[in-house]
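Take a look at the structure set out below.
Residue numbers (our numbering): 723 to 857.
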C-alpha cells in the first residue's frame, strides 16, 4: 500500500534507519517497517476496509500511523505523535460514517474526447448577433 519512499517524504533516511534498525546493523530493516505497517493497517481496518485505490488522505493516514508504530516500538512517542494519532483517528471515524471518501473514483463528466489535443472551442460558421434595440 505504501513504500519506503512514502515514509521518507515524512521523515529522514537517518530517522527511518534508526527506527527500524533493531540489530544495530546500520541499515534499514524492512521486516520491522513491514511489521509497523501491518499494525497501522490493522488499526485502520478496525474502522474501515482499505480500498484498492485509496485517497491521498487515506495514504497519508497509513504513513502517519506507520511512523507512529515505529516510534512506539522504540519508546520514542511524543505528545505531538499522540495528537496526530487522535487527529487521524477522527478522520477514520468520519470515513467509517461515510462523511469522507476512502477510494478515488473517476467521476469525469467531461464531454471532450480524451484523444483530442486541443481543448479550445471550435467555432463553426460565423454567427452575427443583431444588437439593434439594445441600449
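Quick reminder that beta carbons are idealized off the backbone N, C-alpha and C, glycines included.
- Message: Could you compute how far the alpha carbon of residue 767 sits from the alpha carbon of residue 746?
- Response: Approximately 32 angstroms between the Cα atoms of the pair.
- Task: Express the C-alpha separation of residue 738 and residue 727 in angstroms, rounding to a whole number.
- Result: Cα to Cα, the separation comes out at about 11 angstroms.
- Message: Using 7 angstroms as the threshold, is the C-beta distance between residue 790 and residue 808 below it?
- Response: Inclusion of residue 790 and residue 808 in the CB contact set at 7 angstroms is not warranted, their separation being larger than that value.
- Task: Determine, using beta carbons only, whether residue 724 and residue 784 come nearer to each other than 7 angstroms.
- Result: Judged by their CB atoms, residue 724 and residue 784 are nearer to each other than the 7 angstroms cut-off.
- Task: Give, in chain order, every unbroken run of the alpha helix (DSSP H) that is at least 4 residues long and sits entirely within the segment 741–825.
- Result: If we require 4 residues or more, the alpha helix (DSSP H) runs fully inside the segment 741–825 come out as 752–766, 778–795, 801–818.
- Item | Selected residue, minimal CA-CA separation from residue 821, among 793, 795, 813 | Comparing C-alpha distances from residue 821 to each of 793, 795, 813 shows the shortest one belongs to 813.
- So residue 732 is in the alpha helix (DSSP H); what residue range does that whole segment cover? Boundaries cannot be given for residue 732, as no alpha helix (DSSP H) includes it and DSSP labels it neither H nor E.
- For residue 827, name the three-state secondary structure that DSSP assigns. Secondary structure at residue 827: coil, using DSSP grouped into helix, strand and coil.
- Item | Beta-carbon contacts of residue 796 that lie in its chain and below 7 angstroms, excluding the five residues immediately before and after | Excluding its 5 nearest sequence neighbours in each direction, residue 796 has C-beta neighbours in its own chain below 7 angstroms: 741, listed in chain order.
- Message: Can you tell me whether residue 739 is helix, strand or coil according to DSSP?
- Response: Three-state DSSP puts residue 739 in a helix.
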